[in-house]
Amino acid sequence: MELVGYRSPEASLDAVFAALADPTRRAILGRLVEGEASVGELAAPFTMSQPAVSKHLKVLEQAGLVERSVDGARRPARLRPEPLAAANTWLENYRELWEARFGQLDTLLRDMVRLEQGKKDDDG
Amino acid sequence: MADTSETLDEFVLERVFAAPLETVWRAWTEPELLARWYKPNPMCETAVLQHDLRPGGVLRYEMRFGPGQSHYERWEFDAIEPPSRLQWRQTLTDADDNLVGNPRMPDWPRWMLTTIELEPHADGTLQRLRWKPHEPTEAELTCFQNASAHLDRGWVAGFDSLGEFLKKHADAE
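Chains as they are written, first to last, in my numbering: chain B, 1 to 124; chain X, 1001 to 1173.
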């Protein structure tokens, strides 16, 4: 059973969250969800230069969110799903952990109430 | 049914238990009872290594997931107000009580401040859990806020296809 935060070693999620905190980078990722794209294709919807887009892509690459194909001049960027899936569920995992604990607390409390009720009935 | 809210500063989880307030308080404050429910799943074995229920007192706790696979938590109590409020700082340690980071997220806050508030409720007891970084470094606070921010609807709304994308890739594995 995996406890949140104790998965097998992988890239740190700190960089993923930092990368996702920027709205332009989120927009770039949103475009890459639809399929791979070159720097030129990514820059087109923004009033942004290609070097500016390249800078954002570098941050996304370092976070492991994006990989650039090395073939050809176009070097399309492609979304890597694993860190995104992990980031998406990070806080949710903690919520599920607390809810699992409270589910067991609920079971224990019901047993305790039954016991307390039983004692009362015996005394009464 | 649990109500949750996540802001950028604090995680809150509320739940109603069909039990009297004093009984819920006991389940949090008596170590033999705590060990029976404070674990990720019923199969996990637990042991309370140290329990000193007073302001400044320490609880040390072991969860055994298998041979040689234990996780340790350390709680330091700040406020104990029976029967309705308990506050402590918690962190992860190794077997020798040294603080350990989260291997997956090095900037995840080292100490979390946890508060339990109990209130009478028509169906028994309302329990409110508050959970937030304790005296975070700037990096820890940013990390926690970033993790919370992605739950904001604005973020998720820009990723309509994200769910599909992740599902497609998960199925392919």
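Glycine residues also receive a C-beta, built at the ideal position from the N, C-alpha and C atoms. Being a predicted model, the structure only gives us computed values, none of them experimental.
Where the beta strand (DSSP E) through residue i begins and ends
i               : result
D1078 (chain X) : 1069 to 1081
A1019 (chain X) : Element bounds for A1019 (chain X): n/a, residue is neither H nor E.
Y1061 (chain X) : 1058 to 1066
P1120 (chain X) : 1112 to 1121
R1089 (chain X) : 1085 to 1093
A1047 (chain X) : 1045 to 1051
L29 (chain B)   : Looking at the DSSP string, L29 (chain B) is not in any beta strand (DSSP E); the run it does join, the alpha helix (DSSP H), is 23 to 33.
Residue environment, residue i, which counts as buried when at least 16 other CB atoms sit within 10 Å
i               : result
A1095 (chain X) : exposed
T1114 (chain X) : buried
G35 (chain B)   : exposed
D1152 (chain X) : Low confidence applies here, because D1152 (chain X) scores a pLDDT of 46, under 50, leaving its location unreliable and the question unanswered by this model.
V70 (chain B)   : exposed
G64 (chain B)   : buried
P23 (chain B)   : exposed
T1023 (chain X) : buried
Proximity of residue i and residue j at Cβ, strictly below 8 angstroms
i               : j               : result
T1125 (chain X) : P1020 (chain X) : yes
E1117 (chain X) : R1089 (chain X) : no
L42 (chain B)   : A19 (chain B)   : no
R101 (chain B)  : Y1038 (chain X) : yes
H1071 (chain X) : M1063 (chain X) : yes
F1077 (chain X) : C1044 (chain X) : no
A87 (chain B)   : V33 (chain B)   : no
D1107 (chain X) : E1073 (chain X) : no
P1040 (chain X) : L91 (chain B)   : no
Same chain only: Cβ atoms within 7 angstroms of residue i, ignoring 5 sequence neighbours per side
i               : result
W1028 (chain X) : L1034, L1086, I1116
P51 (chain B)   : none
I1080 (chain X) : L1053, R1054, P1055, L1086
L1049 (chain X) : R1060, Y1061, E1062
P1031 (chain X) : V1048, H1051
8 angstroms Cβ shell around residue i - same chain, five flanking residues per side excluded
i               : result
R1026 (chain X) : L1033
E1173 (chain X) : Low confidence applies to E1173 (chain X): its pLDDT is 49, below 50, so where it sits in the model is not reliable, and the reading given next is rough at best. If we look at E1173 (chain X) and ignore the five residues flanking it on each side, it has no Cβ neighbours.
S130 (chain B)  : Any property of residue 130 (chain B) remains undetermined from this structure, which presents chain B solely from 1 to 124.
H1121 (chain X) : V1016
Bounding residues of the alpha helix (DSSP H) (the contiguous stretch that carries residue i)
i               : result
G1010 (chain X) : Note that residue 1010 (chain X) is Glu in the sequence shown here, rather than Gly. From DSSP, E1010 (chain X) is part of no alpha helix (DSSP H); its letter is neither H nor E.
T1137 (chain X) : Per DSSP, T1137 (chain X) belongs to no alpha helix (DSSP H) and is neither H nor E.
L115 (chain B)  : 81 to 123
V66 (chain B)   : Where V66 (chain B) is concerned, there is no enclosing alpha helix (DSSP H), although the beta strand (DSSP E) it sits in stretches over 66 to 68.
Contact set for residue i: own chain, Cβ-Cβ below 6 angstroms, skip 5 residues either direction
i             : result
V59 (chain B) : A19
is_contact[residue i, chain C] using C-beta, thresh 8 angstroms
i               : result
P1040 (chain X) : The structure shown contains no chain C; its protein chains are B and X.
Cβ contact (3+ pairs, closer than 8 angstroms) linking the segment 1125 to 1142 of chain X and the segment 1012 to 1027 of chain X: Taking a cut-off of 8 angstroms on C-beta distances, the segment 1125 to 1142 of chain X touches the segment 1012 to 1027 of chain X, as three or more cross pairs fall below it.
Contact between the segment 1101 to 1111 of chain X and the segment 106 to 114 of chain B (3+ Cβ pairs under 8 angstroms): The segment 1101 to 1111 of chain X is not in contact with the segment 106 to 114 of chain B.
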